[in-house]
Amino acid sequence: MIFEKRTERIFLAVFFVIALCIPLFLEDNSFFVGKTTTVMILAVFVMSLDFLVGRVGLVTLGHALFYGLGGYLFVILTPEYEAVNFWIYAIYIMGISALIALVVGIVVLRTSGIYFIMITLAISQMAYYFFFDSLEFGGNDGLFIFMKPETSIFGLNFLNLDNPTHFYYLSLLGVLITLVAIKVILRSRFGRIVEATRLNPERTEALGYNIFAFRLISYVIGSTLAAYAGLLFALQYGYVNPQFMTWEMSGTALVMSILGGMGTIYGAILGTITYEGLQYFFEHMTEDWMLFMGGAIILMVLLLRKGLAGYLEKLLEK
Amino acid sequence: MSTELFFVQLINGLQYGLLLFLIASGLTLVFGVMGILNLAHGSMYMVGAYLVWYFVAVTGSFTVSAILSAVIALGLGILIERVLIQRLYNRNHLDQVLLTIGMIFVFNSLQSILWGNDPYGVAVPEALSGSVPFTDNSSYPVYRIFAAMVCIAIATALYFIVSKTRLGMLIRAGESNREMVEALGVNIKSLYTIVFAIGVMLAAISGIIAAPMSSIVPGMGESVLITCFVVVVIGGMGSIKGAFVGALLVGVISTFAAVLMPTMSNMIIYIFMILVLLVKPQGLFAK
Amino acid sequence: MSKIKTLAGAVLATTLTAGLSTSALAATGDPVKIGVMLPFSGIYAQLGEAGRDGLKLALKQNASNLHGADIEFIELDTEAKPSRAPELASSLLNQHEADFVIGPVHSGVAMGMIKMLRGKDTVMIIPNAGSAAATGPLCSPNVFRTSFSSWQPSYPMGKVALDKGYKKVYAISWNYGMGRESLDAFAESFEAGGGEIVEKVLLPFPSTNFQSHVSDIADKNPDAVFTFFAGGGAIKFVKDYDAMGLRGKIPLLGSGFLTEGTLEAQGDAAEGVMTGLHYAEQLDVPKNQEFREAFNTEYGHYPDIYAVQGYDAGQAIANTIDQLKGDISDKQAVISTMEKLTINSPRGDFTFSKAHNPIQNVYLREVKDGVNVVQSIAAEALEDPARGCKL
Amino acid sequence: MANDIILETESLSKHWGGIKALNDISLKFHDRQLHGVVGPNGAGKSTLLNMLCGTLKPTSGCIFHKGEQIEGMKPWKFVRRGIGRSFQKTNIYTDVTCLENCAVAAQRRFTGSFNLFASRHANKLVRDAAEKALCQVGLDNRIHTVAAEISYGEQRQLELAMVLATDPCILLLDEPMAGMGHEESLRIISLLNELKKTYSIVLVEHDMDAIFELSDQLTVLDNGTHLITGTVDEVRNDPRVKEAYLGKEDEEEAA
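Residue numbers (numbering that gives the first Met the number 0), protein chains in the order written: chain A, 0 to 317; chain B, 0 to 286; chain W, 0 to 390; chain H, 0 to 254.
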């Protein structure tokens, strides 16, 4: 069983049952279908970050680089007025993102701790300025994706991405795949060394492991998942903008992940839902929603030692 | 670029660098002593600028306003440390990061509620409003020379305090060894409160000094925050000397980059930082 | 401080109605729903608030002409973040089923909104963002603009510079859509008349470290400087320009935003700056005086250009409802009615071009004693070329 | 066979700025012998050990393993050549079980660690090797206990078990008995006596009785320099050692 904790199993069961049923109560074009889709996509992004920060021990403030890249790569690689196959391009884009992450990783992983935070931030800001300043990629206005891709596999087509409900299920599938993938990796032999490296890098190296390689591969995995989330996000509304890769975006994801309970992975889903939910609530309540959002964040840090997941576990374990 | 213009730009760069140092000094001090990464440091810069604008509007005197604002910032620092930061010393560093992000939200919101969102400016104080001849058709404002001197004075004072006084000794000891400071019979809690409050005050003072030379707008805190981090990281986190050298380097480099390759200039400091970190992964003056 | 009380009230109100407000109420009563998507926090907050205030004033003044239609506002803070734009636009479109959507300020956000709203039944009115694409390649029957295209305030300034005898101009702005488009529009008319741009500098947005560039200008010693900056950047640039002693030596020209809503903060430093814009506070148009007083009565301060643009968006809606006798169910009728409107604006009357951009006068203003004083009409009934628009 | 040189240093030096932590050390370590290294505090024992396992790069000089020059290699490559080390300060994974601690150590020997899919628990060889190492050091009853919860002495044993689980041929042990009770020390001594039949061991230790009892060869370092290498008796009777080392020890005791 890859889900070891009782709390984890209960939460995920409840989450997936509710998530599967949500569209049954909503119309296809309802705002909430769109909103929950965005939350699902963000959850994929935040889980990939949670994996890196909480499980690999790489605190990055440049994760949004790959989130933005997923969308930009799609716009750059696909013809403007022709529907391409989603699955082929998803794999294609993730492959290119992985290569980019490999190169970036080789550079950034030479540093550690706060310097790692800063160097990842620097690289994502550079990418941001690159897209912001480039006329051919739409500059600060961003770019539109005019054609949604089609999703047939061997001629069978279950999903129509122009239908928001179908897109919602695609995003939910993304959550499931990401969750399982990360969990399987963490349980694997590779995961054992990654865990050891986070707990005690010096010792792990003294046991004969090239910790750089383990960190690098993890970095590539996390970044590639983020690119997948970014691809979905860009496709949902057919729009990419350099702001998707700012450090604020990375910072927000980090907040969601810490809020949910760092390193618990399922906590990332919880954190994303909570953050987005609170923001939605405060935003519709008052123009000064930031005051309440900030207050809520401060309160939660003070009150919850291990994030929302830690609180749940206190209630449900034993 | 002519020799004359080269020196003009060098002076511009140094002046910008000195201001950057002033903003960054508080950040690096707090990190060095307490190990806390205060993302809300930029908000304190903003608070300083808004406070001095507000008090100038009320009292009409820049000096009075500057002193009042600095004192309020000091009090704010003590309050924040006592009420919030203190509760998180035994916690994960990321919890502290999260807390300070929450503080950014709150301060931005309070700024909007208390002072509105119009852009403001503070007039240069009368006594410093003149300018000295500079090049053929430009002059150099006295206030900017004054501001640079204030930055140098504060840098000197910080150097003196850290290396020569009892407080400085405790700060240096606290950086390396908490237990030792406690063994000296010093309450580490009060030391941390003082250091954090000084950090906040330094950020606010930079906001005060910068106010007459810049615009006071919402979001001004976040825009300096990142540059400030770059400075501190290049110099080596926690090192005052490093922050000084880093600030001057960033100031000069970004000034020349802005003129020579304007569209690239924002990237240049990041590229510079990455290069520094590749050669010295802990910054130039790592501990 | 009264804002704090409103806040507390709002907390209660939303807590009570949050659950209900979504779809259950949509069917009953059928008020005219106006979604407002403007930045209320962050660097553009002032622009967002001014636009919203102007909008509300227009609808309040026209309440008697609405044939009994109730107006309901739904306000969402864009934070000027493009990543949230489609989602918020979707909320207004699908959740609140807004009849009109007003927004935004930031042109990146505009793109996200247009993506969502293009070709839909909801009419979108842009009260600020000047991005050329919005009424250019991406123009759409249901997208209107009551502000300007970035081309409009800058294009006439090229001729102004030539008329003043300036041959060599140093052009500087931020490297983003509005900045590039402004400098290009200026260069278009300036170079066509034989002028020369000696240096074109595009700085990374939103850097405000201008001192080195001002030194560079002093060194290059051009006949004049043309610039686009707005808000905090405008204040900083004008102050730096003055502080380094260039004011009075090298004339400073600009797109009007250089001195809009910033004059108080700029103080003496702005004296003598010449800008082109489709509005000026002291503009001698009866509607302008009337509007300014009404705005001041309502909000306790005088309006700026952003309020005017919001006000005209409100007028466009009110006039359309009036002409349709309160029945806005036929969206085609709404669009074709709005297209034919002549808006009696504080900036002078204007009509919409085919691409739905205002055809309006651009005034040459010069700052004297802290006020933008109109010198002349730099271009009369100027229409944006709307390059790439197929309407 | 027993006298083959397995590890050798040649004029090995480590300088920190102007301070010579270790200066011009040339030593030969023989196969299946226990080579003790002693010296007062600051003599450079840990520095030597850290260079022998690759975590410190020497300022100058060479290290040869089976005749091959290795001093520039990454630490993890040292381990792969069969050079395993324990730390002076307990250095284990405190958050996981003793078994998992040793499993991390053992996994590299049996199976690819870059397998992203296979469960870490699936390989029986890894588990057996880990359990065997734990039994070797006498932690049979602590297999499923979280490492943070066992006693300090047991953590020292675990430290040793982890090195054994990597299946090294050379063991570099940095004060394995530091902070142990008498009982536990005796157990380690008998264990080391057993181990030196199959492994080459470099032992840095403060416990003089233990090191005299165990060592085949003994090196004395003082102040970063090499004083003498020889059998226990040779070292014991060397006047320089008495002066430099034992003399100081006496002073310390007197004080």
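For every residue, glycine included, the Cβ atom is placed at its ideal position computed from N, Cα and C.
Treat the numbers as computed from the prediction; the structure is a model and nothing was measured.
Test item: CB-CB of residue i and residue j under 7 angstroms
i	j	result
residue 68 (chain B)	residue 220 (chain B)	no
residue 202 (chain A)	residue 90 (chain H)	yes
residue 244 (chain A)	residue 123 (chain A)	yes
residue 309 (chain W)	residue 126 (chain W)	yes
residue 117 (chain A)	residue 255 (chain B)	no
residue 210 (chain B)	residue 51 (chain B)	yes
residue 138 (chain H)	residue 154 (chain H)	no
residue 391 (chain W)	residue 242 (chain W)	Not covered by the structure: residue 391 (chain W). The range shown for chain W is 0 to 390.
residue 32 (chain B)	residue 293 (chain A)	no
residue 106 (chain H)	residue 125 (chain H)	yes
Three-state secondary structure (DSSP) of residue i
i	result
residue 27 (chain W)	Low confidence applies to residue 27 (chain W): its pLDDT is 40, below 50, so where it sits in the model is not reliable, and the reading given next is rough at best. DSSP places residue 27 (chain W) in coil when its eight states are reduced to three.
residue 34 (chain B)	coil
residue 279 (chain A)	helix
residue 36 (chain W)	strand
residue 239 (chain A)	strand
residue 21 (chain W)	Note that residue 21 (chain W) scores a pLDDT of 39, beneath 50, so its modelled location is shaky; the value from the coordinates is reported in the next line. Here residue 21 (chain W) sits in coil by DSSP.
residue 240 (chain B)	helix
residue 204 (chain H)	coil
residue 287 (chain W)	helix
residue 61 (chain H)	strand
residue 98 (chain A)	helix
residue 29 (chain H)	strand
residue 371 (chain W)	strand
residue 219 (chain H)	strand
residue 24 (chain H)	strand
residue 17 (chain B)	helix
residue 65 (chain W)	coil
residue 324 (chain W)	coil
residue 241 (chain H)	helix
Contact list for residue i against chain H, beta-carbon separation under 7 angstroms
i	result
residue 207 (chain A)	75, 78, 79, 107 and 165
residue 282 (chain A)	Ordered by position in chain H, no residue passes the 7 angstroms Cβ test against residue 282 (chain A), which lies about 40 angstroms from the chain.
Chain-ordered chain E contacts of residue i [CB-CB under 8 angstroms]
i	result
residue 94 (chain W)	In the structure shown, chain E cannot be found, because the protein chains are A, B, W and H.
Host beta strand (DSSP E) of residue i (start-end)
i	result
residue 134 (chain H)	No beta strand (DSSP E) holds residue 134 (chain H); the alpha helix (DSSP H) holding it covers 123-135.
residue 360 (chain W)	357-367
residue 144 (chain W)	142-144
residue 166 (chain H)	Premise fails: residue 166 (chain H) is in no beta strand (DSSP E) and is neither H nor E.
residue 167 (chain W)	167-173
Closer than 7 angstroms at the beta carbon, the chain B residues around residue i
i	result
residue 261 (chain W)	118
residue 301 (chain A)	86
Contact list for residue i against chain B, beta-carbon separation under 9 angstroms
i	result
residue 248 (chain W)	136 and 137
Contact list for residue i against chain H, beta-carbon separation under 8 angstroms
i	result
residue 198 (chain A)	92, 93, 94 and 95
Boundaries of the alpha helix (DSSP H) in which residue i is found, first to last residue
i	result
residue 49 (chain H)	44-51
residue 226 (chain B)	219-234
residue 197 (chain A)	188-198
residue 78 (chain H)	74-79
residue 152 (chain W)	150-162
Chain A contact residues for residue i, given Cβ-Cβ distances below 9 angstroms
i	result
residue 175 (chain W)	131, 132, 138, 139 and 140
Contacts that residue i makes with chain A (C-beta to C-beta distance below 7 angstroms)
i	result
residue 110 (chain H)	188
Proximity test, residue i beta-carbon vs the ligand SAM heavy atom, cut-off 6 angstroms
i	result
residue 216 (chain W)	Because no ligand of any kind appears in the structure shown, any question about the ligand SAM cannot be addressed here.
According to a CB-to-CB cut-off of less than 7 angstroms, which residues of the segment 270-294 of chain A neighbour chain B?
287, 289, 290, 292, 293 and 294
Interface positions of the segment 97-122 of chain W facing chain A (Cβ-Cβ less than 7 angstroms), listed along the chain:
If you check each beta-carbon in the segment 97-122 of chain W against every beta-carbon of chain A, the ones closer than 7 angstroms belong to 106, 107, 110, 111, 114 and 115.
Using a Cβ-Cβ cutoff of 9 angstroms, what residues of the segment 88-105 of chain B are near chain A? List them in chain order.
90, 91, 92, 93, 94, 95, 96, 97, 98, 100, 101, 102, 103, 104 and 105
Can you give me, in chain order, the residues of the segment 188-211 of chain W that have a beta carbon less than 9 angstroms from any beta carbon in chain A?
201, 203 and 204
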